[in-house]
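A.B. asks:
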Amino acid sequence: MKRAAARHILVKTEQQCQQIKERIEAGEEFEQLAKAHSTCPSKMHGGALGSFSRGQMVAEFDQVVFSARLNTVQGPVKTQFGYHLVEVTARNE
């Protein structure tokens, strides 16, 4: 069974998501930005969601997690919850 581990930052607007992504690309730490800006309870863990199987997350999120290159920030990814920046930290193929 395919499994992955990821971390994310969830915010309300696409603009805010893009601004945070630019800060990460400029060298700021994903974990610190997650703690400061994410609206998801995972922010307490720097956005880490742990390990999960395909189909456990909403479809848009799942698609990114099981197709993106490892350790690269993806997004903004729009879901019913808002806009996410997603980084896949591990995945078994």
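Residue numbering for the sequence shown follows my numbering, starting at 58 and increasing by one per position. Think of the CB as a built atom: it goes at the ideal place given N, C-alpha and C, for glycine as much as any other residue. Small disclaimer: the values here were computed from a predicted structure and weren't measured.
(1) Please return the same chain residues whose Cβ sits closer than 7 Å to the Cβ of HIS94, not counting the five positions on each side in sequence.
(2) Just grab the DSSP bridge partners of LEU142 for me.
(3) Per DSSP, what kind of secondary structure is VAL115 in: helix, strand or coil?
(4) Report the rounded CA-to-CA distance for LYS92 versus MET101, giving the unit in angstroms.
(5) For VAL121, which residues from the same chain have a beta carbon less than 7 Å from its beta carbon, with the 5 sequence-adjacent residues on both sides left out?
C.D. replies: In this structure, then:
(1) Residue numbering aside, residue 94 sits at position 37 when the sequence shown is read from its first letter. For HIS94, where only same-chain residues beyond five positions count, the Cβ hits under 7 Å are ILE66, VAL68 and ILE77.
(2) In the sequence shown, counting from the first residue as 1, residue 142 sits at position 85. Beta-bridge pairing links LEU142 to ILE66.
(3) To locate residue 115, count along the sequence shown from 1; it is residue 58. In the structure shown, VAL115 sits in coil (DSSP, three-state: anything other than H, G, I, E or B).
(4) Mapped onto the sequence shown, residue 92 falls at position 35. Mapped onto the sequence shown, residue 101 falls at position 44. C-alpha separation (whole angstroms): 6 Å.
(5) Reading the sequence shown from its first residue, position 64 is the one you call residue 121. Apart from sequence neighbours up to five positions away, the residues of its chain that approach VAL121 with a beta-carbon distance below 7 Å are GLN131, VAL134 and VAL143, ordered along the chain.
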